[in-house]
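Quick note, in our numbering, the sequence shown goes up one by one and the last residue is 88.
Quick notes on the structure that follows.
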Amino acid sequence: MKVLVSIVCSLSILQAKTHPSPSDPQATEEVKILLKRLHDQSGKGIMIGHQDATAYGVGWKSGTGKSDIKEVCGDYPAVYG
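What follows is the structure, given as structure tokens:
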């Protein structure tokens with residue numbers, strides 16, 4: 008059984024695309040560009056998203072350009088909600 012699972016996992020990895028395509032065949036050009044940019048970042052670090060990242064934080068509200076994530080990590084979130 009372990010051999011079968013190993014073979015299936017190996018085949019799954021080999022089938023992985025190096026250039027992903029959208030699951031929606033009617034995806035807009037913007038979606039295709041976003042997907043490519045996200046794929047290009049793969050393996051270069053961690054990307055996080057944060058709701059209201061610059062709207063308020065611990066002990067402050069509505070600071071221009073202020074972000075708790077930036078203070079902790081040194082950069083703004085990759086995705087804003």
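Even glycine gets a Cβ: it sits at the ideal position worked out from N, Cα and C.
Other residues of its chain near residue i: CB distance less than 7 Å, five sequence neighbours each side excluded
i	result
residue 31	none
residue 13	none
residue 41	none
For residue i, the first and last residue of its enclosing alpha helix (DSSP H)
i	result
residue 75	75 to 80
residue 38	36 to 48
Short Cβ contact (7 Å threshold) for residue i with residue j
i	j	result
residue 168	residue 58	As displayed, the chain neither begins before 8 nor continues past 88, which places residue 168 out of reach and without an answer.
residue 66	residue 75	no
residue 29	residue 38	yes
Option in the options with minimal Cα separation from residue i
i	options	result
residue 2	45, 12 and 62	A query on residue 2 cannot be resolved here, the shown segment of the chain reaching from 8 to 88 and no further.
residue 60	34, 40 and 83	83
residue 56	50, 43, 80 and 34	80
Own chain residues within Cβ distance below 6 Å of residue i, not counting five before or after
i	result
residue 78	none
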